[in-house]
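Peer 1: Converting from the sequence shown to the numbering used here requires adding 702 to each position, the first position being numbered 1.
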Amino acid sequence: MSKLPALKVLAMLALAVSVSACSMFRSKHDTIDNMPVDALYDNAHASMVNADYAAASKAYQRLIARFPSGEYNEQAQLDLAYSQYKDNQPDDALSTVNRFIKTYPTNKHVDYAYYLRGLINFDRTSGVIERYIGRGGSEARRDQGYNLQAFDDFSELSRRFPDSAYTADARQRMIYLRNVLAQFEINVAEFYLRNKAYIAAADRSQYVIEHYQQAPQAGDALAILSRSYLALDQKALADQSRQVLALNYPNHPYLTDAKWPHAPSTLRKLVPFSGHH
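Structure below.
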């Protein structure tokens, strides 16, 4: 009889070793191709948190393929779009987030999807250097297609979800984009003015006044408009533009310097990112 407790202890030890061995075997061989959905999502999320966005994207894509429905799938699609965005894959990220918005329009996180779509387009015009040193004046010299799209994305978020946690930031980005778009038009208007294409310069300036009247560049537009009208021998219109400028921007340099804006020097044209290329 005294041997029974010893046998029980041995049996329990054997069972424990067996369970432990099975656990070790399973952990060594569990991959994104056979993990259960919760473990696979945790694996992908851990990669994303650790900024391994390529691995995160791969794991999220596998989850979506293996488990084509359910709560994990929905969240994985949104996380996949973010991982692709952070991994500098804007086309893939945009495709993923658009698919999410179309497929799950009532998802509780769909406001974030609209915000993320705006961020993807917002960053698409940044060059490699700008990603590290921040945006500067060169932003207003690039093609503005993505900036226009980002503005529309943030505008749609603000309209659809005015109380979203992301709307305040979206509106600040809209102000920034409005100013960038206005500066782009001013840059073009100055170019036309320097090359004596006065009608084109006036048209660009008028566009800024009509579409970006709250932007700081509206004063520059009025000044260029006045100069263009003078060059076109339209003195009455030039005086009118100048009066509006003096009323709204009394400290604008054109009011004391009739030759503003001055053509850039040859030396300045040679300086990278100076805005005169």
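Virtual Cβ for every residue (Gly too), placed ideally from N, Cα, C.
If you count every other CB in all the chains shown that lies within 10 Å of the CB of L850, and 16 or more means buried, which is it?
Peer 2: Burial call: exposed.
Peer 1: Are S857 and D813 touching if we call contact CB-CB under 8 Å?
Peer 2: It is not a contact, given that the beta carbons lie outside the stated cut-off.
Peer 1: Tell me which same chain residues have a C-beta within less than 7 Å of the C-beta of P918, skipping the five on either side of it?
Peer 2: Result list for P918: N881, in chain order.
Peer 1: By the three-class DSSP mapping on this structure, what secondary structure does G772 have?
Peer 2: Looking at G772 - three-state DSSP - the assignment turns out to be coil, as it is neither helix nor strand.
Peer 1: Decide if I901 is buried, meaning its Cβ has at least 16 other Cβ atoms within 10 Å, or exposed.
Peer 2: With fewer than 16 Cβ atoms within 10 Å of its Cβ, I901 is classed as exposed.
Peer 1: What are the boundary residues of the alpha helix (DSSP H) that A815 is part of?
Peer 2: It spans 812 to 825 - the alpha helix (DSSP H) in which A815 sits, taken as one unbroken run.
Peer 1: Can you find the residues in the same chain that come closer than 7 Å, C-beta to C-beta, to Y834, ignoring five residues on each side of it along the sequence?
Peer 2: Because Y834 sits at a pLDDT of 39, beneath the cut-off of 50, its placement in the model cannot be relied upon, and the point is left open.
Peer 1: Return the chain-ordered ranges of every alpha helix (DSSP H) run that is complete within the segment 744 to 797 and spans a minimum of 4 residues.
Peer 2: List check, alpha helix (DSSP H) in window: 755 to 768, 773 to 788.
Peer 1: Just to confirm before moving on: does the CB-CB distance between S759 and Q786 stay below 8 Å?
Peer 2: Yes.
Peer 1: Starting from the N-terminal side, write out each stretch of the alpha helix (DSSP H) that is 4 residues or longer and does not extend beyond the segment 885 to 953.
Peer 2: Runs of the alpha helix (DSSP H) inside the segment 885 to 953: 900 to 913, 920 to 933, 937 to 950.
Peer 1: Just confirm the distance between the C-beta atoms of A852 and N823, as a whole number of angstroms; I'd bet it's less than 8 Å.
Peer 2: Their Cβ separation, rounded to whole angstroms, is 4 Å, which keeps A852 and N823 in contact under 8 Å.
Peer 1: Just curious, the alpha helix (DSSP H) that L859 is in, first and last residue?
Peer 2: Start and end: 847 to 862.
Peer 1: Put K804 into one of helix, strand or coil per three-state DSSP.
Peer 2: It is helical.
Peer 1: When the distance is taken between beta carbons, is F769 closer than 8 Å to A783?
Peer 2: No, Cβ-Cβ distance for A783 and F769 is not below 8 Å.
Peer 1: Quick check on DSSP: helix, strand or coil for I734?
Peer 2: Coil.
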